[in-house]
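Worksheet: the structure to be examined is printed underneath.
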Amino acid sequence: MLSITNDDLDDLTRAARAAGRRRMNRNLHPALTDQVQRLLNAFEPGTYVRPHRHDAGRWELFLILRGRAALFAFDDHGRVAARHELAAAGPVRLIEVPGGTWHTLAALEPGTLLFEVKPGPYVPLTDKDFAAWAPGEGEPRAAAYEQWFRRARPGEIPAGLTS
């Protein structure tokens with residue numbers, strides 16, 4: 010049996026704060042070949058998750074355990090189609106993103122921690138289709154995008170992008 014304690018969550022949060030990417034995950038499934046991938050994701054403000062999508066039928070489910078996060082859906086041009094705020098205190102605690110949906114997450118407060126479930130197996134080379142209209146991790150515009158994500162609203166598009 011697997012159990013996760015508050016100490017485990019605290020350790021993961023500390024690891025995320027110390028990481029250069031400002032996030033850290035802990036796989037709960039025994040192998041990347043598992044048919045159901047289950048993991049904890051600790052996110053800190055300042056982490057940039059490049060918008061991406063998964064193949065049709067490859068949904069992702071997020072349950073917030075601590076903190077607050079914004080989950081965004083985008084159209085094919087990078088315009089915000091929807092913004093969903095998840096908070097450990099509610100009212101929204103869980104969201105499922107359908108396959109084929111451009112999306113990203115932004116941590117809205119320190120110590121944000123999510124439980125994620127998605128179909129496996131996990132194949133790193135084909136898991137994500139990254140949005141060409143968004144900078145890659147480490148690129149100069151990535152930090153500005155991450156800051157924009159925290160305040161972005163439906164209908165908006167980052168400066169410098171055209172629809």
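Everything in the sequence shown is counted per this note's numbering, starting at 10 for the first residue and increasing by one.
The beta-carbon is built from N, C-alpha and C at its ideal position, and this holds for glycine as well.
Check whether tyrosine 57 and glutamate 155 have beta carbons under 8 Å apart: Contact: yes.
Cα-Cα separation, serine 172 to glycine 164: Low per-residue confidence applies at serine 172: pLDDT is 42, beneath 50, and the placement is therefore not dependable, though the value from the model is reported in the following sentence. Going by the C-alpha atoms only, they are around 11 Å apart.
Unbroken stretches of the beta strand (DSSP E), 3 residues or longer, contained in the stretch 104–148: With a minimum length of 3 residues, the continuous beta strand (DSSP E) runs that stay inside the stretch 104–148 are 111–116, 121–128.
Coarse secondary structure for alanine 82, derived from DSSP in three states: Strand.
Beta-ladder partner(s) of leucine 70, from DSSP: In the DSSP assignment, leucine 70 forms a beta bridge with Glu105, Val126.
Three-state secondary structure assigned by DSSP to glutamine 156: Reduced to three states, the DSSP call for glutamine 156 is helix.
C-beta contact flag for arginine 32 and alanine 40 at 8 Å: One thing to note: arginine 32 has its Cβ no nearer than 8 Å to the Cβ of alanine 40.
Residue range of the unbroken beta strand (DSSP E) whose run includes arginine 47: Annotation: the continuous beta strand (DSSP E) that includes arginine 47 extends over 45–52.
Beta-carbon spacing of alanine 97, glycine 129 below 8 Å: Not in contact: alanine 97 and glycine 129 (Cβ atoms no closer than 8 Å).
Rounded C-alpha distance that separates histidine 61 from arginine 92: Taking the straight line from one Cα to the other gives about 15 Å.
Beta bridge counterpart(s) of arginine 62 as assigned by DSSP: Note: arginine 62 sits in a beta bridge opposite Asp138.
Spatial distance of glycine 147 from glycine 29 (CA atoms): Distance between the alpha carbons of glycine 147 and glycine 29 is about 10 Å.
Residue from Ile13, Ala51, Asp16, Asp43 whose Cα sits closest to the Cα of alanine 116: Considering only alpha carbons, the answer is Ala51.
Distance CB(histidine 63)-CB(tryptophan 142) smaller than 8 Å: The answer is no: Cβ separation not under 8 Å.
Residue nearest to proline 107 in terms of C-alpha spacing, selected from Leu122, Thr121, Phe83, Glu118: Among Leu122, Thr121, Phe83, Glu118, the Cα nearest to that of proline 107 belongs to Phe83.
Residues that leucine 95 bridges to, as DSSP identifies them: For leucine 95, which the question treats as bridged, DSSP gives the partners Ala78.
Whether threonine 121 touches phenylalanine 81 by CB criterion (8 Å): In terms of Cβ geometry, threonine 121 and phenylalanine 81 do not form a close pair [threshold 8 Å].
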